[in-house]
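Okay, structure first, notes after.
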Amino acid sequence: MSETEALETHVQELRRGTAVLACLRLLEKPGYGYGLLEELEARGFDTDANTLYPLLRRLEKQGHLTSEWNTDEARPRKFYRTSAEGLRLAVALTEEFRAIATAVDALPQEN
Amino acid sequence: MNDSQTGTLTASYVRAVARKIPERQRDEVRAELRERIADETDARIAAGEEPAAAEYAVLKDLGDPGALAALYADRTMYLIGPRYYLAWWRLLVLVLWCGVLPTVVVITVIKAVQQAPVGEIIGGAIWIAIEVSVHICFWVTVIIVIVERTTRPTAKSPFDVWTPEMLNTVPDREVPATKGEFIANIVTVAIIAGALLWDHFIGGIALPYPGVPIINPALWPWWYAAALVMLILQVLLAAGVYRKGRWDYRFAATNACYALIVAGGVLWLISQGALINPGLATAIAERSGNPATGDLVTLILNIVAGFLFVGLGAASSWEGFRRARHQSRLSC
Numbered sequence: 663m664s665e666t667e668a669l670e671t672h673v674q675e676l677r678r679g680t681a682v683l684a685c686l687r688l689l690e691k692p693g694y695g696y697g698l699l700e701e702l703e704a705r706g707f708d709t710d711a712n713t714l715y716p717l718l719r720r721l722e723k724q725g726h727l728t729s730e731w732n733t734d735e736a737r738p739r740k741f742y743r744t745s746a747e748g749l750r751l752a753v754a755l756t757e758e759f760r761a762i763a764t765a766v767d768a769l770p771q772e773n
Numbered sequence: 010m011n012d013s014q015t016g017t018l019t020a021s022y023v024r025a026v027a028r029k030i031p032e033r034q035r036d037e038v039r040a041e042l043r044e045r046i047a048d049e050t051d052a053r054i055a056a057g058e059e060p061a062a063a064e065y066a067v068l069k070d071l072g073d074p075g076a077l078a079a080l081y082a083d084r085t086m087y088l089i090g091p092r093y094y095l096a097w098w099r100l101l102v103l104v105l106w107c108g109v110l111p112t113v114v115v116i117t118v119i120k121a122v123q124q125a126p127v128g129e130i131i132g133g134a135i136w137i138a139i140e141v142s143v144h145i146c147f148w149v150t151v152i153i154v155i156v157e158r159t160t161r162p163t164a165k166s167p168f169d170v171w172t173p174e175m176l177n178t179v180p181d182r183e184v185p186a187t188k189g190e191f192i193a194n195i196v197t198v199a200i201i202a203g204a205l206l207w208d209h210f211i212g213g214i215a216l217p218y219p220g221v222p223i224i225n226p227a228l229w230p231w232w233y234a235a236a237l238v239m240l241i242l243q244v245l246l247a248a249g250v251y252r253k254g255r256w257d258y259r260f261a262a263t264n265a266c267y268a269l270i271v272a273g274g275v276l277w278l279i280s281q282g283a284l285i286n287p288g289l290a291t292a293i294a295e296r297s298g299n300p301a302t303g304d305l306v307t308l309i310l311n312i313v314a315g316f317l318f319v320g321l322g323a324a325s326s327w328e329g330f331r332r333a334r335h336q337s338r339l340s341c
């Protein structure tokens, strides 16, 4: 495995959890798959479509998101929204991320 | 995007995915997938791609419909995952040992008692070993695959009952080739040689038939000479191991070849009906008044000798390699 490949794998692992948090936060306002994908990218949470769509389904199955089909426009779209349970999860995850950031800062610094 | 123009590929793709989705989720997945493909295609068209090329690229990115369906339906795409892999492996090894070995022994003994030809006995043993192994591998795997799919992914494995008490507390001891071992080896060789000579010249070892050897006297002198050579080689091998102070792979390989030659020689004699003294059967038959008894004793002696030499040879070979491997691990 080359160095960039190794880096990519580790970065991917590191970011996996952040996508969940970003989705839960962003979907406090209802949103649909592709729109969310673009917004995530714009906000610096690069997420692969093949990761995002199954993730939304999983979060919905766990009750952290609710969904509703919007048929007002020509193309029916599934709109997701963060549930009360999802909001609690988002709070917990945010705290966890802050704790991790603090812990990382407290690590011995490179010279 | 005009769905009717570029939609045929998409429709086929959605159909291919939906076919592999459980009925009650199918409509939902179908709709979600159409939305996703349409949105991604539009984005590509907006970026300047031709509609047909855009649709093609999106479907190509989505990949194998079967894999996508598995992802949407939360289906496992492996036979046995890490959760049950160890359980599967241990169960397999255990059942193979407990199943194959006794079956082979029982079948061999039954065939031998039925006086089947030697070729048929050996062939039958190999065949039954393969047959039982295949069955065990298949059924153990089927059971674990079912368990894997019927338990919740978060559930603890029902086989996951390991505790530190299960550790082997006997520490990995170094296994040097000791002087005691060497002496024991020489004594064993001497006893065997003595027993062979006693049997040939005096006869009646452990049997109430004075003067009747167990080993076929027709094997004198050449097979006895061969046995003597093998015994001397055994001493030389033990001496080599003792001098070096430990086993290595060369000793282990030599030992395995040695065991193979000895077991092969004995099996050859058994197959020729030449190992056991025919005079023994005659003597037993005369005394018991039943000719079948003598044949039966000869048969049992043959079976015991066969299993003894094959078993001892296999055990000795295995032990040699085990110690060589252990030694090579200790030295690194």
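Going down the list, the protein sequences come from chains L and X. Under our numbering, the letters of the first sequence match residues 663 to 773, in that order. Under our numbering, the letters of the second sequence match residues 10 to 341, in that order. Every residue gets a Cβ at the ideal spot worked out from N, C-alpha and C, and that includes glycine. Please read all numbers here as calculations on a predicted model, not as lab measurements.
Cutoff 8 Å: residue i Cβ touching any chain L Cβ
i	result
A55 of chain X	no
A324 of chain X	no
D73 of chain X	no
E342 of chain X	Only positions 10 to 341 of chain X appear in the structure, and residue 342 of chain X is not among them; the question remains open.
E32 of chain X	no
A52 of chain X	yes
L245 of chain X	no
Y81 of chain X	yes
E49 of chain X	yes
Q14 of chain X	With a pLDDT of only 49 at Q14 of chain X, under 50, the local geometry of the prediction cannot be trusted, and the value read off the model is given with reservation. Judged by the 8 Å Cβ criterion, Q14 of chain X is not in contact with chain L.
For residue i, three-class secondary structure by DSSP
i	result
E730 of chain L	strand
F741 of chain L	strand
Y87 of chain X	coil
G320 of chain X	helix
I30 of chain X	coil
L176 of chain X	coil
G329 of chain X	helix
E735 of chain L	coil
T302 of chain X	helix
R252 of chain X	helix
Y218 of chain X	coil
L721 of chain L	helix
F191 of chain X	helix
F147 of chain X	helix
Q771 of chain L	coil
T160 of chain X	coil
S664 of chain L	coil
D257 of chain X	coil
Q123 of chain X	coil
Residue i vs residue j beta-carbon contact at 8 Å
i	j	result
Q336 of chain X	W256 of chain X	yes
P126 of chain X	N225 of chain X	no
W106 of chain X	I153 of chain X	no
I119 of chain X	I137 of chain X	no
I223 of chain X	E157 of chain X	no
F191 of chain X	A248 of chain X	yes
E703 of chain L	G725 of chain L	no
G322 of chain X	A262 of chain X	no
Y93 of chain X	K188 of chain X	no
L714 of chain L	G695 of chain L	yes
V67 of chain X	R53 of chain X	yes
R33 of chain X	A27 of chain X	no
E64 of chain X	K740 of chain L	no
L71 of chain X	L77 of chain X	yes
L727 of chain L	S745 of chain L	yes
R720 of chain L	A47 of chain X	no
V244 of chain X	I200 of chain X	no
G303 of chain X	T291 of chain X	yes
S325 of chain X	A268 of chain X	yes
Strand pairing of residue i, partner residues [DSSP]
i	result
A693 of chain L	Note that residue 693 of chain L corresponds to Gly in the displayed sequence, not to Ala. DSSP output for G693 of chain L lists L:Y742 as bridge partner(s).
I224 of chain X	X:I285
8 Å Cβ cutoff, residue i in contact with chain X
i	result
R678 of chain L	no
A711 of chain L	yes
R705 of chain L	no
G695 of chain L	yes
R719 of chain L	yes
R750 of chain L	no
R737 of chain L	yes
P770 of chain L	no
P716 of chain L	yes
Proximal residues to residue i (C-beta, below 8 Å), its chain only, five neighbours per side dropped
i	result
E701 of chain L	L688 and G693
F260 of chain X	L246, G249, V250, K253, G329 and A333
Contacts of residue i in chain C (Cβ-Cβ under 7 Å)
i	result
E41 of chain X	The structure shown contains no chain C; its protein chains are L and X.
Neighbourhood of residue i by C-beta, 6 Å cutoff - its chain only, sequence neighbours within 5 removed
i	result
V114 of chain X	none
Y258 of chain X	A333
V306 of chain X	I293
Cutoff 7 Å; reference residue i; Cβ partners in own chain excluding five residues on either side
i	result
A121 of chain X	I130, L308 and I312
A314 of chain X	V275, I279 and L284
M10 of chain X	Annotation note: pLDDT 44 at M10 of chain X (below 50); position unreliable, no value reported.
I30 of chain X	V38, A78, Y81 and A82
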